[in-house]
Amino acid sequence: MAAQDQRPSVKDEETYQALRREGASKEKAARIANAQANSTMKPSKRGGHSGPYEAWSREDLYNRAREIGIDGRSRMNKSELVSALRNH
1 MAAQDQRPSV KDEETYQALR REGASKEKAA RIANAQANST MKPSKRGGHS
51 GPYEAWSRED LYNRAREIGI DGRSRMNKSE LVSALRNH
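Residue 1 is where the sequence shown starts when you use UniProt numbering, and the numbers rise one by one after that.
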């Protein structure tokens, strides 16, 4: 049996891809792209900004990976944590 694509359903592919290039996780990019594609929702570009993962400390990345439930996080270095968070 072929492995299923783990990517969330996306209604606005262009917005999704732009957000992924900017470093947003798959989940976050899909959530924003779908909200913008829905005419009844009014997503705003304003709001909190935590900065790119590269600016986070390894400890902060580890804690976020723990919140999300990424396996193997204790053995990961900073760049591996960044990659795992972006692709969870």
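Where a beta carbon is used, it is the ideal one built from N, C-alpha and C, also for glycine. Please read these numbers as outputs of a predicted model, since none were measured by experiment.
Alpha-carbon to alpha-carbon, residue j and residue i
| i | j | result |
| --- | --- | --- |
| tyrosine 62 | tyrosine 53 | 11 Å |
Residue i - containing alpha helix (DSSP H), residue span
| i | result |
| --- | --- |
| arginine 64 | 58-68 |
| tyrosine 53 | No alpha helix (DSSP H) holds tyrosine 53; DSSP gives it neither H nor E. |
| arginine 21 | 13-21 |
| alanine 84 | 78-86 |
Buried or exposed (CB count within 10 angstroms, at least 16 for buried), residue i
| i | result |
| --- | --- |
| lysine 79 | In the sequence on display, residue 79 carries serine and not lysine. Classification of serine 79: exposed, given that the 10 Å Cβ count is below 16. |
| arginine 66 | exposed |
| serine 74 | exposed |
Within 8 Å, strictly: CB atoms of residue i and residue j
| i | j | result |
| --- | --- | --- |
| lysine 11 | alanine 33 | yes |
| serine 9 | leucine 85 | no |
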